[in-house]
Structure formats: C-alpha cells, structure tokens
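**Q** Residue numbers (our numbering): 1 to 415. Think of the CB as a built atom: it goes at the ideal place given N, C-alpha and C, for glycine as much as any other residue. A single structure is presented below for examination.
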Amino acid sequence: SPQTISLEQLQNTLTPNNIILEYFVGKEKSFLWLVTTSKLYTFQLENKESLTAAINRFSLAVSTQPASSSLNELYKLNEPAGQLSQKLLGNQAVSLDDKSIIPFSLLRSKKQIIVIGDDLLHTVAWPALTAPTAANTRQSRYVPLVAQYEFISLPSASLLPILNNTIDFTKTMPNALILADPVFSVLDERYQNSAKVHNNDKSLISFSDERELASAKPLPRLKNTILEANEIKTLLGKQGKIISSFEANLEMLLQQNLSQYNIIHLATHSYVDLRSPEYCGVVLSLINEQGQETERAVLGLEQIQLLPLQPGSLVVLSSCDTNSGKLIAGEGLVGLSQAFFSAGANQVISSLWKVADKSTARLMATIYRNIIRQKVSPSTALHTAQVSFWRQKIHPYFWASFTFQGNWKPQTVSK
C-alpha cells in the first residue's frame, strides 16, 4: 500500500549534488515541486492538454529511427526538446514564490536529477531533452541534458521508504543471470534445425485464461540478444550464467536459484496491455524442441512479485515496450518495474520504446563494462554509456530510451 512521505523524509534522501523534481499534471493546471536539501520551490505549469501536445511532439522526434546518421537529424531535435524543456523547466514554469526564479537555474550546481513524474511525464526521455529554448532558436549543436546530469526516475515518491538497502556494486562483484534469445515460433530456424516439422504455427501467446496477444503476429526473433548475453558473460566470467534458446522458458527460469544473483538480465520481448496492466509480462520461449507450445510462456506481474529476488538487486529489461505500464494517478507507473520492486529488486533499467537490438547490445555491454571495470553504480553506468553514445554523435533514438528507476544511493547490503 502506498505510504505517504513527508517533505523532511524526501530532503533526507538528498545531498547538495542532487535535486528532486516532482510533477503533478492536472486538467486545469499542473505543478512542479522542486526539492533541495533545505528548500521546497513550487512552480505552476500549463495544463495537461498543453503539456501532452509538447510531450508527444518530443517523444515522436526522439523515438523515431533517424533516416540517416547526418548531424541534421540531431539538430532537428533541438526545437521539440527545447520547447518541452521550456514548459517543464523553463520560463513557462512560473514560480509561486519568486517570479524571477526558473527551475532550470536551480539545477546549475547539481549532478543528479531525480524525477518523480506523473501521467504522460513517465514516458519522457529526460536524458535527451535540452536546455529550455525560445521558439525558433536555431541551434547548430545538439547538447542534451545527459551531458551534464544523471537522471533517476521514480514511479512515485511513496517508493522511497521501501527502496533502501541497495546492493553497492562499487564494492560488490556483479553476479548475473542472463536470459536471452528465446524461441517464439516454429518458423524459427532453431526449431527447423531440430528436424521436427509441424505444420501448425503456435507462435501466439495464450495467457492462462486463453486471452491472446492483442497483436497476434509471430514475435520476431531477437537474434542480437545472444551477442549481448555473450558480451556480458565475457565481462563477468564465472559470475555470469546464460539461459537461451529453448531453455529460455518460464519453467527453467523459475528453477534457477534467483536469490544467488544480484543482477537479473532479461533480453527478450516484454508485453504491455495498456487496458489491463495485469496482462503485462516478460515473454519467454513459446515452444519446446518438439514444437509444442510451452505450458506458460509469459512471466506475468503477479508471478514477478513472487520471485525470490536478492534484496536490493538490479533487474535489466533490455527489451521493447517494457516501461509503459498503465498510468494510474498518484502511484505513477504500475508496470513491470513496480512488480520487480515488490519482489525485492531496488534498481531497474528498462526501455521506453522499441530499439534496434544491435545498438541495444552495444549499449548494454558498455553499461556492464562501466559497472565491472569502473566500479560505478548502475545509474552512473547507464549515464556514462549514454554520454559516450552522444559524444559519438549517435542519435538518441539509439540510447535515450533506457531509464534507471529505483534507489540511486547504494548502501552495502550485509549478506
């Protein structure tokens, strides 16, 4: 049940280097509460309709695969990014205390921004936003906020008291279970190679009550996820275990001793039904080597909540559409990350849109390299990986979809 959290409790989680932006989106007007260690600032923002239009414009620009790798594709982002930033952080956010203050000026000395979104704000790729700009300002460079700030998302402030005792990867060696490249269809060459030929294509997901996937098309194979898994395993050595192909099924996953791993990495499709969040889930192998449909193929929300995860662990969902749960007022995103938090994880890296999985494999390898070799926290590892992609002039479509949710303050968990 949601706990209410006092301003003092919120401030106690902060240091001089970070700041909380908590948003409320309303039909008539919206608000931003900006919290520092010693102060609370309140700003009034535009209404839901106006914010939604700006969010949709920005999200479309950033989550659409660019036509080419030309710099022009990057510069095109400046206007929608600057305009949305103007509404959320710029002079269209009007201070109720001192009209001369804009939120953006209060971020200057900070390194880390904790965003507690509301409504559609949960779907904003904050790292790809820019500084607020006036309309029609021509920019010859694209400088996203990720160049300066590390972003943390929290579905709701009420999670803060629950998410303590996070595993400190700066002191603890990662030990990961990696599930990758399941078999979704009898059309998959791995099934064809197992020389059992069945005519019926059973690549549909049936939920226990026989409700079928809204888009009952065979799910595409995620070939590059096995490259991703192998790269991570190479970095981890004995500290990594891969389950893939036919073995990447629900029964096999549930047989693992999950509590021995401090990272659970799921490189597969996730399915979200916006109308009924109980049908969210992570999709595992749908058929066995005989071409028969597996008994249960979706790791659903209720099952996720019961997983015996190591307290404080990290879950990585390097798949598509993982982050878009049903928007439920106040409690924020009731989606997969929330379910993993209930199971004991404190840190979740997941994605806001479908990304070409080759670039995901590269980004993921970079994140793990940062955790293992640089000994940084997962949120910093993601941030540094995103900055390096931006420095290579790579369009944020390929890197900005990944968000870190959960506790950003590692405390060593005594085993």
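Measure the CB-CB distance between Val404 and Gln338 and report whether it falls below 8 Å.
**A** The sequence shown places Phe at residue 404, rather than the Val named in the question. No, Cβ-Cβ distance for Phe404 and Gln338 is not below 8 Å.
**Q** Going by the DSSP bridge assignment, what does Glu293 pair with across the sheet?
**A** Note: Glu293 sits in a beta bridge opposite Ile287.
**Q** Looking at the structure shown, is Leu213 part of a helix, part of a strand, or coil, going by DSSP?
**A** Confidence is the limiting factor: at Leu213 the pLDDT is only 42, short of 50, which leaves the residue's position unreliable and the question unanswerable from this model.
**Q** Less than 8 Å separating the beta-carbons of Tyr271 and Gln65?
**A** Against a cut-off of 8 Å, the Cβ pair of Gln65 and Tyr271 comes out as no contact.
**Q** Less than 8 Å between the beta carbons of Ser95 and Phe31, yes or no?
**A** It is not a contact, given that the beta carbons lie outside the stated cut-off.
**Q** Residues in its own chain within less than 8 Å of Leu253 by CB, not counting five upstream and five downstream?
**A** If we look at Leu253 and ignore the five residues flanking it on each side, its Cβ neighbours are Leu179, Ile243, Leu284, Leu299.
**Q** Could you check the C-alpha separation between Ser6 and Glu228 for me, to the nearest Å?
**A** Going by the C-alpha atoms only, they are around 42 Å apart.
**Q** Where does Gly237 sit, in a helix, a strand or coil, going by DSSP?
**A** Reduced to three states, the DSSP call for Gly237 is helix.
**Q** Measure how close the beta-carbons of Gly312 and Thr166 come, nearest whole angstrom, since I'm counting them as under 8 Å.
**A** Yes, Gly312 and Thr166 are in contact; Cβ-Cβ is about 5 Å, under 8 Å.
**Q** Check Glu22 in the structure and name its three-state DSSP category.
**A** Correct three-state label for Glu22: strand.
**Q** For a test of the three-state rule: what should DSSP assign to Asp119, helix, strand or coil?
**A** The answer is helix: DSSP assigns Asp119 an H, G or I state.
**Q** Do you know offhand how far Gln303's Cα is from Ala248's?
**A** Their backbone Cα atoms lie some 16 Å apart in a straight line.
**Q** On the DSSP bridge list, what partners appear for Gly300?
**A** In DSSP, Gly300 forms a bridge with Gly281.
**Q** Give a yes or no on whether the C-beta atoms belonging to Tyr41 and Ile101 are separated by under 8 Å.
**A** Yes, they are a contact pair.
**Q** Thinking C-beta only, is Ala61 closer than 8 Å to Leu352?
**A** Not a contact, by the Cβ cut-off of 8 Å.
**Q** Am I right that Gln386 and Val146 are in contact with their C-beta atoms under 8 Å? What's the rounded C-beta distance?
**A** Yes, Gln386 and Val146 are in contact; Cβ-Cβ is about 5 Å, under 8 Å.
**Q** To the nearest angstrom, report how far apart Lys29 and Tyr149 are at their CA atoms.
**A** Roughly 27 Å between the two C-alpha positions.
**Q** Under three-state DSSP, which class holds Glu8?
**A** Glu8 falls in the helix class under three-state DSSP.
**Q** Beta carbon of Gln260, beta carbon of Met173: below 8 Å?
**A** Result no, Cβ atoms of Gln260 and Met173 do not sit closer than 8 Å.
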